[in-house]
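Chemist: Protein chains in written order, with our numbering: chain A, 408 to 791; chain B, 408 to 791; chain C, 5 to 328; chain D, 5 to 328. I am attaching a structure below and will ask some questions about it afterwards.
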Amino acid sequence: MDLTLTPQEESFRAAAREWLEAHVPAKPLASLDTQEGFEAHRVWEHELHAGGWAVVSWPEEYGGKSASLVEWLIFEEEYYRVGAPRRVGQNGIFLLAPTIFEFGSEEQQKRILPRMANGDEIWSQAWSEPGAGSDLAAIRSTASKVDGGWVLNGQKTWSTRAVFADWAFGLFRSDPEAPRHAGLTYYLFPLSAKGVTVRPIRQLDGEAGFAEVFCDDVFVPDQDVLGVPGSGWKVAMSTTGSERGLTLRSPGRFMASTDRLAALCREGDRVDPTLRADVAQAWIDAEAYRLYTFGTVGRMLAGESVGAESSLNKLFWSELDIDITQTALRLLGPRGVLGADAPDAEGQWLADFLFALAGPIYAGTNEIQRNVVAERVLKLPKGA
Amino acid sequence: MDLTLTPQEESFRAAAREWLEAHVPAKPLASLDTQEGFEAHRVWEHELHAGGWAVVSWPEEYGGKSASLVEWLIFEEEYYRVGAPRRVGQNGIFLLAPTIFEFGSEEQQKRILPRMANGDEIWSQAWSEPGAGSDLAAIRSTASKVDGGWVLNGQKTWSTRAVFADWAFGLFRSDPEAPRHAGLTYYLFPLSAKGVTVRPIRQLDGEAGFAEVFCDDVFVPDQDVLGVPGSGWKVAMSTTGSERGLTLRSPGRFMASTDRLAALCREGDRVDPTLRADVAQAWIDAEAYRLYTFGTVGRMLAGESVGAESSLNKLFWSELDIDITQTALRLLGPRGVLGADAPDAEGQWLADFLFALAGPIYAGTNEIQRNVVAERVLKLPKGA
Amino acid sequence: MRFGFTADQRELAVAVREILTSELTPEVRASGAEASGRRGPVWKALSEAGVFGLLVPEEHGGLGLNELDSVLVLEELGLAAAPGPVAETAFVCAPLLSDRPGFADGAVAAVAAEAGGYLPDADVADVLIVLEGEQARVIAAGGELTGQPTVDPSRPLFTLPAASGEPLDGGAALRDRAVLASAAQLVGASQHLLDAAVEYAKTRKQFGREIGSFQALKHQLADLMLDVEFARPLVYRAAYSLAEGKSTASRDVSAAKVNAAQAAEHAARTAIQVHGAIGYTDELDLQYWLKRVWWLVPSWGDAIAHRARVAAAVIDAGATMRTP
Amino acid sequence: MRFGFTADQRELAVAVREILTSELTPEVRASGAEASGRRGPVWKALSEAGVFGLLVPEEHGGLGLNELDSVLVLEELGLAAAPGPVAETAFVCAPLLSDRPGFADGAVAAVAAEAGGYLPDADVADVLIVLEGEQARVIAAGGELTGQPTVDPSRPLFTLPAASGEPLDGGAALRDRAVLASAAQLVGASQHLLDAAVEYAKTRKQFGREIGSFQALKHQLADLMLDVEFARPLVYRAAYSLAEGKSTASRDVSAAKVNAAQAAEHAARTAIQVHGAIGYTDELDLQYWLKRVWWLVPSWGDAIAHRARVAAAVIDAGATMRTP
């Protein structure tokens, strides 16, 4: 065991910190769920890319630095530490790109990844449907083969970022005869395509972080099928694996927010010993999450598969995120309900809390994650 | 709403308090799960009976005072307040007697109840079997009809108090052809009967609060069948209703223990603000339990049936009991693990904690109670 | 010893429920504080039902009732997430202002806050009461308010510059009523969130069955019901203690707020979890109750603050008596 | 950056596990502290494996290893609920006593406690160490001990009259090791309780199916696994900080104790609930782990006390650095 960094890792950290401190906007950008904020965040993606920091773990040829897993963790720590903007490109970079690296053709990789890396094309996911939320295999949107491509029809919902994004990725049922998990194919399509309608869904904070996406005879050329037609379930599961696992919630996020929480407790008006205990507990749990992730990285580097264990990871960070933000709101008392634009408001804690509430729901509800832990890790018998 | 007592209730309280303060043994009795302690507790039952306080809610003709529900609550408050001995006759008085009042013949009532009230006959329950714990309908012990009575065979377990008790009550399968819930009959039998063997089961504290009861051709005369043969399930459910509901855990118990807890916090060595909060929370919850019980009593007096709501009651007190005792042990720190006979020991908190741990298990596990609340109160659909 | 309500007390609550069910349409709710909460059909109907005269003596045209008579009405206001300063006017502030002309008929809207705290709906109020320690001061509306937009646009908050208003008696009792009002409304809001989650769980299907048939969801909902059921009687008892002027009244309102706030936070969390993504949006009207809970929980002291008050009474002062 | 153990470190733990599996029979366990924990086959085999020489410098016949090398052994001691003062001797006290003849070979049994606290297994120990603040004092066995019987007859506790022993350096480090030893053993004990509950849930049937097939039980066990998995890395990190002499070592052992104690209390509660009535008796050997948990949780400071230490470091001193 050695928790020190190699000289190379230390210099990677120093370079990341230097660049971020020099480039992170002094004033927070407008919310990325507004037109103005979305474009401001796209500009930030351009800037990250120009500096070489947009996709550090990707190969150089696609705009990355071929950073190791440890270096990626370091970058994330620095990114959150300095309070850099949210990544508007996150859906593409963290959810779609791993799938393209694994299942995409060379042509697709060369065509799609560079424009994802530089922010020219921002991606949105189109997984859920009104009748298929946690139960993704219940998808009913269809794809019919036509000459040179496919025609998509149906309704998607809870498409994060779809209101302003450029492209979407999702599953459609290409073989209506096949059983639930079979007969699905993975498609990529521009949200500006003919036949696509996007209807914003407003969140609790009034912003349109989600949307419904209606497809009405949308033509998708064969080159935008990801993986083999009919293998969509397998291809998609590799993506939801990423969504649930290591890449979505890096420890740096919670290290930064528990450090901010400790500062809020230290400097705030409210001195309450039970809240002190909650702050300490959140800090300990963020530390546990960081160390657990180190262990996971070690196993991945040793060639072990992580698999169902990532459900433990998801359960932990999603609960932790709520604990952290809820404790902050308690420290703030009535100030906690103020919007970020109120004169008395204290930063982003309310927005972070609302965001955290979605954690136990998306990317496989926590109920499903507990089933996975019980059945696949602890090997308890399947229920009826 | 009126939380004051009538003059009659006030004088009932005064009489109970006066008698209890004059008669409760100054020195705690030995544990009722030892031979010596059991007999000391039986003597206490005799004394309670002589004073007219053994079974206050029963009619006078059976040794009671025909006390109202409110008076019964008052008596319990006073009983716990003064720290009177545990009731060794509890299984009979609280679990069996309501069933005898409802289903017993006049002959059975006259023969059994007075000797239960005065402590001459201490009763033990014989419900569970090795393969039938929460799932009581899975009972396999048998009863075969013979001339003038029945012959019992089989094994019972988790029989509380059976090591030293005089009689037992339980269900046996009298019709092996009938479906699970049918074909059961409710029997009463002396533990001294020929063919009965009692094997003590030691608890975590080393005492034999439970036993296994083996029946090997035990003859039970017809007069000791309770209710109609074959109706045992219905008869027994009336008893488990009592066990789960109002009568098993009177608010007085938690009022007394949270008051003791507040005193421990006030007078103890450990000053910790988070534990202060836990003490206050336990006190509030005991108060909530008391008030909720008042509401239940009101509905009962208005002729409403309590029914599945008693599952809420059981869930609440069983969790509360653990919260109270656990908080006390935390206040005590390492002293919390000391047995009551250690020089440094602080009273009965450890014993109370161990006792409390059984709360979520017996009388229908809390998992079953949550199912009942969900399906019968909230009317959620039955699961598979 | 009787723990329950009279037929009159129940009928009053039913009347309020009927008003809120019929008048508080989604359109009214969305129409802004002035129209929905202060001068629209809801306020008018509640006025006609006598809600603003509940605590007003009969000589001033009110009903001359007390906190216990009114507590079920407060619960209804939470159950409906009613807009506007209804509880603030009719319950929190009424005893200090009941000699104002027309108060009993809803002619005056009043709100209150701790000095330096946030006044809800102050923009539509006629009278502001600020509490400094136990000293209440009344300030006429029209002064300089600083808007503090919150997560709930239907309930804006405001601050005042330090202002010296006219002193009024009854500050300590006002605080106890404010705490009780928040607790009672939280129990009502919790009940609505529980009901909504149960209803959704009965109809929403995933994996080919109603999600409410899964044991994990059943147990979450049963646990929530437990919290709500064991918060409510503390609220009723606190109302009784206030109405009867019991010495334990402050302790009792604090105890009520502790369990009500916990039940409500639990309800908000469970309702969102059961509804899934849709609970997280304004597609459903669930948001009104969620936001009401998030405001009421910290206002007039959160569970932590009130647990500390109970600790001081029960542990330090040894005020463990249950039946004063 | 590498978060994991070397093959040597793992093999040592495996060797200890094999000894405890083969030597710690139910009969040995039931034979009392002297035979089971101090002079019987378990102590002998552990001595031969070098466990008592782990932290003893090579010049005194030990292995010259450090806290990180030993932490998996501590976890094994908890996993087996090993009897006798093994962790106390080999880990907590060793660095202060390693020049005693034969110490590395298990010739000396030692226990430690805070002044005024309880010394476990002091009746079978040769050396007692009492810690007053940061000052350790060593007291030869044979003095006046007052027995303090506990819920766990296999681990009696004792108090000493205020005695002035010979002062020794290293008191502060001893305390940190004692906290870490309790945390590591708690993680091991939690793992055993989880394993036992899972195993029982796979075989026990009610209502015609394995109880482990009910979703409510599955989720209870998944939640417990979560607690255990996210306590363990804190224990390893604390061992690393001690071994490397990091400035954050005291904070890190406290963090480890917090989550280990919580996981263990959770494990004890869940194991009893899953086992039902039988978990509550001495019919199963579950009791050894339950009682060990109940002793280790409060010893050397419980979760509450250590959370306060972390709060002081992180909030007050701003010592939030993660990678010192």
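All C-beta atoms, glycine included, are put in the ideal place defined by N, C-alpha and C.
Look at Ala315 (chain D) and Val686 (chain A) and say whether their C-beta atoms are less than 8 Å apart.
Modeler: Indexing the fourth sequence from 1 puts residue 315 (chain D) at position 311. Indexing the first sequence from 1 puts residue 686 (chain A) at position 279. Cβ atoms of Ala315 (chain D) and Val686 (chain A): closer than 8 Å.
Chemist: Going by DSSP in three states, Asp409 (chain A) sits in which element: helix, strand or coil?
Modeler: Along the first sequence, read from residue 1 onward, the residue named residue 409 (chain A) stands at position 2. Correct three-state label for Asp409 (chain A): strand.
Chemist: Using only alpha-carbon positions, find the residue among C:Ser245, C:Leu294, C:Val131 that is nearest to Phe7 (chain C).
Modeler: Reading the third sequence from its first residue, position 3 is the one you call residue 7 (chain C). The shortest Cα separation from Phe7 (chain C) among C:Ser245, C:Leu294, C:Val131 belongs to C:Ser245.
Chemist: Using 8 Å as the threshold, is the stretch 707–719 of chain A in touch with the stretch 735–753 of chain A, meaning 3 or more CB pairs across them?
Modeler: Segments in contact, no.
Chemist: Just list the residues that DSSP pairs Arg296 (chain C) with in beta bridges.
Modeler: Counting from 1 along the third sequence, the entry for residue 296 (chain C) is found at position 292. Partner(s): none; Arg296 (chain C) has no beta bridge.
Chemist: Against chain C, with Cβ distances strictly below 8 Å, would Phe211 (chain D) count as a contact?
Modeler: The residue you call residue 211 (chain D) lines up with position 207 of the fourth sequence. Output row for Phe211 (chain D): interface = no.
Chemist: Taking C-alpha atoms, which residue in D:Glu31, D:Arg213, D:Glu118, D:Leu198 lies nearest to Leu228 (chain D)?
Modeler: Taking the fourth sequence and counting its residues from 1, one reaches residue 228 (chain D) at position 224. Considering only alpha carbons, the answer is D:Leu198.
Chemist: How is the alpha helix (DSSP H) around Leu81 (chain D) delimited, first residue to last?
Modeler: Position 77 of the fourth sequence holds residue 81 (chain D). 71–83 is the span of the alpha helix (DSSP H), which, as asked, contains Leu81 (chain D).
Chemist: Closest to Ala166 (chain C) by C-alpha separation, out of C:Pro153, C:Arg179, C:Gly175, C:Leu149, would be which residue?
Modeler: Here residue 166 (chain C) refers to the residue found at position 162 when the third sequence is read from its first residue. It is C:Leu149 whose Cα lies nearest to the Cα of Ala166 (chain C).
Chemist: Short check: CB of Val558 (chain A) to CB of Val605 (chain A), under 8 Å?
Modeler: Locating residue 558 (chain A) in the first sequence gives position 151, counting from the first residue. Locating residue 605 (chain A) in the first sequence gives position 198, counting from the first residue. Cβ atoms of Val558 (chain A) and Val605 (chain A): not closer than 8 Å.
Chemist: Would you mind stating whether Thr564 (chain B) and Glu619 (chain B) have Cβ atoms separated by less than 8 Å?
Modeler: Here residue 564 (chain B) refers to the residue found at position 157 of the second sequence. Here residue 619 (chain B) refers to the residue found at position 212 of the second sequence. Their beta carbons are under 8 Å apart, which means Thr564 (chain B) touches Glu619 (chain B) by this criterion.
Chemist: Among residues of its own chain, excluding the 5 on either side of Arg651 (chain A), which ones have a beta-carbon nearer than 8 Å to its beta-carbon?
Modeler: Taking the first residue of the first sequence as position 1, residue 651 (chain A) is located at position 244. Only weak support is given to the placement of Arg651 (chain A): the predicted model assigns it a pLDDT of 41, under 50, and the value that follows is read from those uncertain coordinates. Closer than 8 Å at the Cβ level, and outside the excluded window around Arg651 (chain A), lie Ser717, Ser718, Asn720, Lys721, Ala770, Gly771, Gln776.
Chemist: If contact is defined by three or more beta carbon pairs under 8 Å, each pair taking one atom from either stretch, is the stretch 469–476 of chain A in contact with the stretch 425–432 of chain A?
Modeler: No, the stretch 425–432 of chain A does not touch the stretch 469–476 of chain A.
Chemist: Leaving out the 5 sequence neighbours to the left and right, which residues in its chain are closer than 7 Å to Gly793 (chain B) when beta-carbon positions are compared?
Modeler: Any question about residue 793 (chain B) goes unanswered here, given that chain B covers just 408 to 791.
Chemist: Could you check how far apart the C-beta atoms of His64 (chain D) and Ala91 (chain D) are, in whole angstroms? I think they sit under 8 Å.
Modeler: By 1-based counting over the fourth sequence, the position of residue 64 (chain D) is 60. By 1-based counting over the fourth sequence, the position of residue 91 (chain D) is 87. With a Cβ gap of about 20 Å, His64 (chain D) and Ala91 (chain D) do not count as contacting.
Chemist: Between the alpha carbons of Val625 (chain B) and Phe218 (chain D), how many angstroms are there, rounded?
Modeler: On the second sequence, residue 625 (chain B) is found 218 positions in, with the first residue counted as 1. On the fourth sequence, residue 218 (chain D) is found 214 positions in, with the first residue counted as 1. One C-alpha to the other measures close to 37 Å.
Chemist: Comparing the C-beta of Pro680 (chain A) with each C-beta of chain B, is any distance below 8 Å?
Modeler: Position 273 of the first sequence holds residue 680 (chain A). For Pro680 (chain A), the answer is yes, since a Cβ of chain B falls inside 8 Å of its Cβ.
Chemist: Contact between the stretch 295–313 of chain D and the stretch 151–170 of chain D is defined here as three or more beta-carbon pairs at a separation below 8 Å; is this criterion met?
Modeler: Yes: at least three Cβ pairs fall under 8 Å.
Chemist: Check Asp440 (chain B) in the structure and name its three-state DSSP category.
Modeler: Within the second sequence, numbered from 1, the residue matching residue 440 (chain B) stands at position 33. Coil.
Chemist: From Gly790 (chain B) to Ser664 (chain A), what distance separates their C-alpha atoms?
Modeler: As a working note, residue 790 (chain B) is residue 383 in the second sequence. As a working note, residue 664 (chain A) is residue 257 in the first sequence. Near 40 Å, if we compare the C-alpha coordinates of Ser664 (chain A) and Gly790 (chain B).
Chemist: Residues of chain B with CB under 9 Å from Gln219 (chain C), in chain order?
Modeler: Here residue 219 (chain C) is taken as the residue at index 215 of the third sequence, counted from 1. Neighbours of Gln219 (chain C) on chain B, chain order: Glu774, Arg777, Asn778, Ala781, Gly790.
Chemist: When you compare only the Cα positions, how much space is there between Ala294 (chain D) and Phe482 (chain B)?
Modeler: Position 290 of the fourth sequence, counted from the first residue, corresponds to residue 294 (chain D). Position 75 of the second sequence, counted from the first residue, corresponds to residue 482 (chain B). According to the sequence shown, residue 294 (chain D) is Leu rather than Ala. When rounded, the distance between both Cα atoms is 36 Å.
Chemist: Between which residues of its own chain and Met5 (chain D) is the CB-CB distance below 7 Å, once the five residues before and five after are set aside?
Modeler: Here residue 5 (chain D) corresponds to residue number 1 of the fourth sequence, with the count starting at 1. So the list is empty, once near-sequence residues are dropped.
Chemist: Report the rounded CA-to-CA distance for Leu653 (chain B) versus Gly283 (chain C), giving the unit in angstroms.
Modeler: For the purposes of this step, residue 653 (chain B) is taken as the residue at position 246 of the second sequence. For the purposes of this step, residue 283 (chain C) is taken as the residue at position 279 of the third sequence. Low confidence applies to Leu653 (chain B): its pLDDT is 48, below 50, so where it sits in the model is not reliable enough to give any reading.
Chemist: Going by alpha carbons, who is nearest to Ala323 (chain C) out of C:Ala272, C:Ala268, C:Asp256?
Modeler: To locate residue 323 (chain C), count along the third sequence from 1; it is residue 319. When only C-alpha atoms are compared, the closest one is C:Asp256.
Chemist: Which parts of the stretch 658–711 of chain B are runs of the alpha helix (DSSP H), unbroken and 4 residues or longer, counting only runs that do not cross its ends?
Modeler: Whole alpha helix (DSSP H) segments, 4+ residues: 658–674, 680–708.
Chemist: On the premise that Gly637 (chain A) lies in contact with Thr592 (chain A), defined as a C-beta separation below 8 Å, what is that separation, rounded to the nearest angstrom?
Modeler: Taking the first residue of the first sequence as position 1, residue 592 (chain A) is located at position 185. Taking the first residue of the first sequence as position 1, residue 637 (chain A) is located at position 230. Contact holds; Cβ gap of about 6 Å.
Chemist: Kindly indicate the opening and closing residues of the beta strand (DSSP E) around Gln755 (chain B).
Modeler: Numbered from its first residue, the second sequence carries residue 755 (chain B) at position 348. Careful: Gln755 (chain B) lies outside any beta strand (DSSP E) and carries neither H nor E.
Chemist: Going along the chain, which residues of its own chain have a beta-carbon closer than 7 Å to the beta-carbon of Glu80 (chain D), five neighbours each way excluded?
Modeler: On the fourth sequence, residue 80 (chain D) is found 76 positions in, with the first residue counted as 1. Closer than 7 Å at the Cβ level, and outside the excluded window around Glu80 (chain D), lie Ala17, Val20, Arg21, Leu24, Gly192.
Chemist: Write down the C-beta distance between Leu161 (chain D) and Tyr122 (chain D) rounded to the nearest angstrom, noting that I regard them as a contact closer than 8 Å.
Modeler: Walking along the fourth sequence from the start, residue 161 (chain D) turns up at place 157. Walking along the fourth sequence from the start, residue 122 (chain D) turns up at place 118. Indeed they touch by this definition, with Cβ atoms about 4 Å apart.
Chemist: Which partner residues does Gly151 (chain D) have in the DSSP bridge list?
Modeler: Translated into positions along the fourth sequence, residue 151 (chain D) becomes position 147. BP columns for Gly151 (chain D) point to D:Phe162.
Chemist: Just checking: is the beta-carbon of Ile691 (chain B) within a distance shorter than 8 Å of some beta-carbon in chain C?
Modeler: On the second sequence, position 284 is the one that residue 691 (chain B) refers to. Answer yes: the Cβ-Cβ gap between Ile691 (chain B) and chain C drops below 8 Å somewhere.
Chemist: Going by C-alpha distance, which of D:Gly110, D:Glu118, D:Gln139 is nearest Asp130 (chain D)?
Modeler: On the fourth sequence, position 126 is the one that residue 130 (chain D) refers to. If we check each option's Cα against that of Asp130 (chain D), D:Gly110 comes out closest.
Chemist: From C:Trp304, C:Glu203, C:Leu290, C:Ser258, pick the residue whose C-alpha is nearest to that of Tyr782 (chain B); which is it?
Modeler: Translated into the one-based positions of the second sequence, residue 782 (chain B) becomes position 375. It should be pointed out that residue 782 (chain B) corresponds to Glu in this sequence rather than to Tyr. If we check each option's Cα against that of Glu782 (chain B), C:Glu203 comes out closest.
Chemist: Quick one: is Ser548 (chain A) buried, meaning 16 or more other Cβ sit within 10 Å of its Cβ, or exposed?
Modeler: Here residue 548 (chain A) refers to the residue found at position 141 when the first sequence is read from its first residue. It counts as buried.
Chemist: Out of B:Ile608, B:Gly590, B:Lys552, B:Ile529, state which residue places its alpha-carbon closest to the alpha-carbon of Trp574 (chain B).
Modeler: Position 167 of the second sequence, counted from the first residue, corresponds to residue 574 (chain B). Considering only alpha carbons, the answer is B:Ile529.
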